[in-house]
Amino acid sequence: MAAKFVPLHVHSHYSLLKALPKIPDLVQKAKEAGCESLALTDLDNLYGAIEFIKECRKVGIKPITGLDAGVENGRLILLAENEVGYKNLLKLVTLSHIDSAAGRPLTWTELDSHAEGIIRIDPHAHDVALHEIYYIEQQDRRAWETMLAIENRGPAEVSIDGEEEDYSFWREAQMEQNFSPEALQKTLEIADRCDLSLELGKWIFPPLDLPNGTTPENELLRLAKEGVLKRGLKENAELSERIAYEHKIISDKGFAPYFLVVADLLAFARRSGILATTRGSAGGSLISYLTGVTTINPLDYKLPFERFLNPERPKAPDIDMDFADDRRDEVIDYVRKKYGTDRVAQIGTFGTMMARGVVRDVARALGYPYGLGDRIAREVPFGSQGFPMTLERALAENQELKKIYDVEREAKEIIDLGKKIEGCARHLSVHAAGVVIAPRPLVEYAPLQMDPKGGKVITQYDMYSLTDEYGGVGLLKFDFLGIRNLAILANATKLVEKTSGLKIDIENIPLDDKKTFSMLASGQTEGTFQLNGTGMTRYLKELRPTTIHDINAMVALFRPGPMETIPQYIERKHNPRLTSYLDPRMKEYLEFSYGLLVYQDDVLLTAIKIAGYSWLEADQLRKAMGKKIPAEMEAQKEKFILGALKNGLDRIKAGQLWGQIEPFAAYGFNKAHAASYGKVAYQTSYMKANFPVEYMTAVLTAEAGDIETVAIMVAECKRMGITVLPPDINESFGDFTVILAQANISPSQSAIRFGLYSIKNFGRGVADEIISERKSGGKFTSLSDFLTRIKTQALNKKGLESLIQCGALDSLGERGQMLANIELLLQYHRDSAVDNGHSSLFAGMSEEQELRLPKSDAAALEQKLLWEKELLGLYVSGHPLDRIKTKLAHRPMSISELRESAAPGTTAIAAGLVESVRTIFTRAGDPMAFIKISDEGGSIEAVVFPKNFSQYKDILKPDSCIALKGRVSNRNGELSLIAEALKAL
4 MAAKFVPLHV
14 HSHYSLLKAL
24 PKIPDLVQKA
34 KEAGCESLAL
44 TDLDNLYGAI
54 EFIKECRKVG
64 IKPITGLDAG
74 VENGRLILLA
84 ENEVGYKNLL
94 KLVTLSHIDS
104 AAGRPLTWTE
114 LDSHAEGIIR
124 IDPHAHDVAL
134 HEIYYIEQQD
144 RRAWETMLAI
154 ENRGPAEVSI
164 DGEEEDYSFW
174 REAQMEQNFS
184 PEALQKTLEI
194 ADRCDLSLEL
204 GKWIFPPLDL
214 PNGTTPENEL
224 LRLAKEGVLK
234 RGLKENAELS
244 ERIAYEHKII
254 SDKGFAPYFL
264 VVADLLAFAR
274 RSGILATTRG
284 SAGGSLISYL
294 TGVTTINPLD
304 YKLPFERFLN
314 PERPKAPDID
324 MDFADDRRDE
334 VIDYVRKKYG
344 TDRVAQIGTF
354 GTMMARGVVR
364 DVARALGYPY
374 GLGDRIAREV
384 PFGSQGFPMT
394 LERALAENQE
404 LKKIYDVERE
414 AKEIIDLGKK
424 IEGCARHLSV
434 HAAGVVIAPR
444 PLVEYAPLQM
454 DPKGGKVITQ
464 YDMYSLTDEY
474 GGVGLLKFDF
484 LGIRNLAILA
494 NATKLVEKTS
504 GLKIDIENIP
514 LDDKKTFSML
524 ASGQTEGTFQ
534 LNGTGMTRYL
544 KELRPTTIHD
554 INAMVALFRP
564 GPMETIPQYI
574 ERKHNPRLTS
584 YLDPRMKEYL
594 EFSYGLLVYQ
604 DDVLLTAIKI
614 AGYSWLEADQ
624 LRKAMGKKIP
634 AEMEAQKEKF
644 ILGALKNGLD
654 RIKAGQLWGQ
664 IEPFAAYGFN
674 KAHAASYGKV
684 AYQTSYMKAN
694 FPVEYMTAVL
704 TAEAGDIETV
714 AIMVAECKRM
724 GITVLPPDIN
734 ESFGDFTVIL
744 AQANISPSQS
754 AIRFGLYSIK
764 NFGRGVADEI
774 ISERKSGGKF
784 TSLSDFLTRI
794 KTQALNKKGL
804 ESLIQCGALD
814 SLGERGQMLA
824 NIELLLQYHR
834 DSAVDNGHSS
844 LFAGMSEEQE
854 LRLPKSDAAA
864 LEQKLLWEKE
874 LLGLYVSGHP
884 LDRIKTKLAH
894 RPMSISELRE
904 SAAPGTTAIA
914 AGLVESVRTI
924 FTRAGDPMAF
934 IKISDEGGSI
944 EAVVFPKNFS
954 QYKDILKPDS
964 CIALKGRVSN
974 RNGELSLIAE
984 ALKAL
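321 is the number that the working numbering gives to position 318 of the sequence shown; each next residue is one higher, with no gaps.
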């Protein structure tokens with residue numbers, strides 16, 4: 004029987020740490036209570052509105068979209084009567100949040116200007132039965148109080164039973180006890196007035212600027228045919244048939260406008276010199292390639308179009324666009340200018356309370372020591388992408404956590420409360436890549452607000468509420484991702500043109516360059532995209548790649564699960580006679596991979612070609628394997644084997660094939676994605692092999708903010724024979740700079756010089772002035788010339804010391820002498836800035852006499868290296884280990900070689916410089932240490948347990964040179980050493 008009331012004052016977890024209920028739970032509770040309608044009135048936002056509408060429609064409840072709004076001198080409940088009212092709610096929420104992410108109270112003027120279609124209710128009115136809901140069941144109150152304490156970063160208050168106000172979901176009997184029949188009837192009358200029929204799931208495309216009479220479908224076909232000529236392809240039956248096939252599917256689904264918008268964005272990037280590519284399954288589309296959306300020809304790589312756009316599934320295309328990360332914002336700015344700033348916004352996304360974090364939060368809120376929450380949290384396993392860990396699952400998977408839960412009262416309390424809070428929204432932030440474009444002002448489709456970190460307008464609806472794919476508003480999501488390696492490639496090609504005049508079209512470099520493959524086969528992968536790292540490098544040396552298909556395969560296989568296939572791939576690469584197929588039909592799509600399942604597409608095509616699946620069924624198989632639900636997997640296994648039998652395979656082979664597929668598909672890489680990433684990987688390798696100085700300069704510039712990575716790259720430069728020089732006021736720019744070959748520095752090839760921005764304690768403003776003055780007035784010829792021409796007062800004592808110590812003034816003087824006379828230099832600089840020369844201490848002197856420094860001891864090399872380490876983050880002029888080169892020559896291997904080839908459990912020796920020592924105490928109170936040892940090419944961590952620490956503690960000091968013998972350990976993929984013996988060098 005229908006309930007005699009409608010809940011009109013209801014808060015969900017989208018009230019951000021002020022309410023507990025998840026929307027599906029709220030809706031289900033309303034259904035159980037017999038409610039025919041239900042309102043959602045979160046605090047000052049509409050974050051959950053679309054999810055709420057969808058959930059209500061699923062169970063046949065009428066959703067009432069509303070808002071618990073802060074207004075001048077109080078609060079109001081605002082409910083949308085119809086679409087006009089809903090759009091006014093969107094505008095009101097946007098007005099409240101557009102100047103501040105936290106929101107501000109609405110003015111009465113704003114309310115009156117957007118009053119049409121909105122019912123206003125005073126939450127304190129007695130004529131309407133309003134009961135505030137902040138949690139669903141009475142027993143949830145403790146979890147709600149804990150959530151409030153998490154927000155306030157204080158201890159949770161303990162309620163006294165019977166005294167606190169009840170904010171749970173009341174059933175009819177409770178409502179009748181607390182409200183008059185007339186007040187209850189009023190809720191039904193209000194609900195009857197609310198009739199919002201919002202159309203969801205219908206695609207809304209940005210406007211297109213097409214010639215009169217031209218349809219999007221015709222324009223797309225025109226661009227594709229034009230692209231055949233631009234790409235230099237020969238027309239043949241395969242090409243024509245594929246274009247026609249793809250165009251029909253795209254047209255029938257109504258997606259031509261989407262392709263045209265994406266093509267225009269990437270055309271703008273090309274015109275502007277912004278390096279761009281796409282990732283994901285879009286590479287399987289020939290039309291995408293011909294219209295300039297993608298950079299790989301799917302016919303060359305045998306990429307299926309259906310993996311991108313399933314003809315049997317009404318899903319919108321999703322093309323992830325990658326741009327050089329230093330120019331991504333230019334593309335978004337272009338979109339704003341083209342379509343209007345009020346029609347473009349980045350997408351909001353919710354940070355939620357995840358299992359590990361919620362344990363720590365709850366423990367803190369309950370006043371327990373940090374160590375307790377941290378200890379429990381560490382026992383919670385990590386989830387996988389798309390499948391976050393839950394506390395319930397963690398208890399089932401980790402017996403140690405279950406034991407703690409069963410035995411320790413405090414742990415049980417923390418976990419039980421955590422179960423109720425996990426998954427709740429904590430904050431709204433900006434989606435890493437997503438942008439929506441609307442044909443009219445965005446506020447007509449979604450509420451907007453400022454990014455909590457400031458500066459950007461974002462949607463309050465997340466991608467699940469906005470896009471058609473999830474049955475949302477219907478706006479299409481465009482993904483703009485910033486990729487550092489594209490910026491590196493763009494910068495490297497510019498440097499090549501600047502130093503040699505050679506213009507490189509990175510998209511059209513030869514894909515069979517012997518120098519590139521030779522470099523990869525020798526393991527020189529540092530600084531490349533996707534191909535660096537100990538494990539990958541080892542496999543590349545064994546593989547000795549010779550084609551782009553080898554690169555793509557390694558990109559796809561080097562991940563959990565498929566990695567087990569790598570040795571087989573290498574074996575078949577070197578001995579093609581080992582190539583075999585469980586069924587001859589598989590050769591069509593497994594030829595490039597020597598008969599092995601390498602890509603997720605291989606699994607899907609096997610299900611289609613061998614087991615008779617449709618593309619829709621194959622997609623369902625992929626999802627089932629990702630979820631790993633035993634019942635679903637058993638059903639898929641039966642379906643697959645029966646299908647294979649019907650298609651001519653015997654039961655043994657069908658079982659063998661399923662055995663290959665089952666563990667693979669959940670981790671398999673999309674083939675088009677591997678081809679896209681493989682091409683960028685090859686491009687970076689090509690540039691490093693053929694233009695090493697320019698490429699490594701670009702890498703160092705891109706990584707300038709990460710000292711550890713810069714140190715690794717400088718070591719790689721030295722291994723490659725490239726000289727890396729400290730900053731110099733006469734040669735350095737802001738970033739790292741290519742210095743052309745000079746007889747006194749690097750006679751055989753160009754060198755790389757540190758940029759002025761790399762110097763710690765040295766402002767960018769001073770650096771820019773130095774560069775500007777040098778450009779306009781020529782190089783600085785002496786210290787007096789430098790101090791006279793640099794006028795800025797920002798060149799203070801700290802800045803001048805930094806310039807001297809890092810070597811930036813070496814061309815004008817000796818570091819020790821300049822530092823000893825730092826006050827004299829500063830006085831000269833101050834006096835040179837005085838307009839009246841007669842007031843200057845140095846007035847009237849000739850240039851040769853005006854700055855003569857008293858003699859002083861020269862700085863020792865060891866001191867220079869320490870200064871460089873402090874100010875640049877690494878040693879540049881040399882290395883402290885240079886003095887023991889003879890001893891190091893006898894070590895079994897360098898640290899980088901150890902990290903590359905040492906097997907866990909074996910004994911190895913590392914020799915180098917102690918970078919850091921972190922001493923801790925065991926539970927028994929005994930000291931032990933974690934140390935970091937580095938040499939010229941890399942570093943490794945080692946643990947020294949109490950027994951060895953007491954024996955060797957005197958030599959375990961930063962900057963001391965040691966040799967350490969220890970057992971190799973592998974923790975989370977990182978090699979380290981467990982020290983057994985140490986020796987001073």
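Beta carbons are placed, not taken as given, at the ideal position from N, Cα and C, and that holds for glycine. All figures in this text were calculated on a predicted structure; none of them were measured in a lab.
Worksheet entry | Integer-rounded CB distance, given that Asp-323 should sit under 8 Å from Thr-281 | 6 Å
Worksheet item: In terms of residue numbering, what span does the beta strand (DSSP E) encompassing Asn-973 cover?
Response: 964 to 974
Worksheet item: What residue range is occupied by the uninterrupted beta strand (DSSP E) comprising Pro-930?
Response: 930 to 937
Worksheet entry | Straight-line gap, Val-702 to Pro-695 (C-alpha atoms, nearest Å) | 10 Å
Discussion item. Counting C-beta neighbours from all protein chains within 10 Å, is the total for Val-410 16 or more, i.e. buried, or is it exposed?
Written reply: exposed
Worksheet item: For His-430, which of helix, strand or coil comes out of DSSP?
Response: strand
Practice prompt. Starting from the Cα of Gly-816, find the closest Cα among Asp-731, Pro-27, Leu-93 and give me that residue.
Written response: Asp-731
Item to complete: Report the three-state DSSP secondary structure of Phe-481 (helix, strand or coil).
Response: strand
Practice prompt. Go to Asp-454, then tell me how far its alpha helix (DSSP H) extends in each direction, as first and last residue.
Written response: Per DSSP, Asp-454 belongs to no alpha helix (DSSP H) and is neither H nor E.
Practice prompt. Say yes only if the C-beta of Asn-85 is nearer than 7 Å to one or more non-hydrogen atoms of the ligand NAD, and no if none qualify.
Written response: Looking at this structure, you won't find the ligand NAD or any other ligand, since it has none at all.
Worksheet item: So what does Lys-986 bridge to, in DSSP terms?
Response: Ala-966
Discussion item. Can you tell me where the beta strand (DSSP E) holding Ala-52 begins and where it ends?
Written reply: First-last for Ala-52: 52 to 62, but that is the alpha helix (DSSP H), not the beta strand (DSSP E).
Fill in: Host alpha helix (DSSP H) of Met-178 (start-end)
175 to 181
Item to complete: Please classify Pro-24: does DSSP put it in a helix, a strand, or coil?
Response: coil
Worksheet item: Which residue comes first and which comes last in the beta strand (DSSP E) that contains Lys-65?
Response: 65 to 74
Worksheet item: Are at least three pairs of beta-carbons, each pair with one atom in the stretch 365 to 381 and one in the stretch 441 to 461, less than 8 Å apart?
Response: no
Fill in: Nearest-angstrom Cα separation, counted from Ser-972 out to Leu-980
6 Å
Worksheet item: Thinking just about the alpha-carbon of each residue, which of Ser-904, Val-131, Leu-19 is nearest to the one in Met-539?
Response: Ser-904
Discussion item. For His-127, count the other beta carbons within 10 Å of its own beta carbon; 16 or more makes it buried, fewer makes it exposed. Which is it?
Written reply: exposed
Worksheet item: If Ala-621 and Leu-607 are in contact, beta carbons under 8 Å, what's the gap, nearest whole angstrom?
Response: 4 Å
Worksheet item: Counting along the chain, where does the beta strand (DSSP E) carrying Leu-916 start and finish?
Response: 910 to 924
Worksheet item: Whose C-beta lies closer than 7 Å to the C-beta of Leu-269 among residues of the same chain, with five residues either side of it excluded?
Response: Ala-279, Gly-295, Val-296, Met-324
Worksheet item: Could you check where the alpha helix (DSSP H) with Phe-271 kicks off and where it finishes?
Response: 259 to 274
Practice prompt. Inspect the beta-carbon positions of Asn-673 and Gln-603 and report whether they are closer than 8 Å.
Written response: yes
Fill in: C-alpha gap between Val-383 and Glu-425, whole angstroms
13 Å
Practice prompt. Could you spell out the range, first to last residue, of the beta strand (DSSP E) harbouring Asp-323?
Written response: 323 to 327
Item to complete: Could you spell out where the beta strand (DSSP E) holding Ile-350 opens and where it closes?
Response: 347 to 355
Worksheet item: Considering Glu-39, what are the terminal residues of the alpha helix (DSSP H) in which it resides?
Response: Per DSSP, Glu-39 belongs to no alpha helix (DSSP H) and is neither H nor E.
Fill in: Complete runs of the alpha helix (DSSP H) confined to the stretch 499 to 541 [at least 4 residues]
517 to 524
Worksheet item: If we ignore side chains and look at the alpha-carbon of each, how far apart do Ser-814 and Ala-836 end up?
Response: 23 Å
Worksheet entry | Three-way DSSP call (helix, strand, coil) for Ala-846 in this model | Bear in mind that the predicted position of Ala-846 carries a pLDDT of just 46, short of 50, making it too unreliable to give a figure here.
Fill in: C-beta atoms of Ile-934 and Val-920 nearer than 8 Å
yes
Worksheet item: Between the Cα of Val-13 and the Cα atoms of Ile-923, Ala-5, Ser-40, Gln-142, which residue gives the shortest distance?
Response: Ser-40
Worksheet item: Just checking, does the stretch 554 to 574 make contact with the stretch 589 to 601 on the three C-beta pairs under 8 Å criterion?
Response: yes
Fill in: Under the three-state DSSP convention, the category Glu-1030 falls into
Summary: the structure shown does not reach residue 1030, with the chain confined to residues 4 through 988, and so no result is reported for it.
Discussion item. What would DSSP say about Val-438, mapped onto helix, strand or coil?
Written reply: strand
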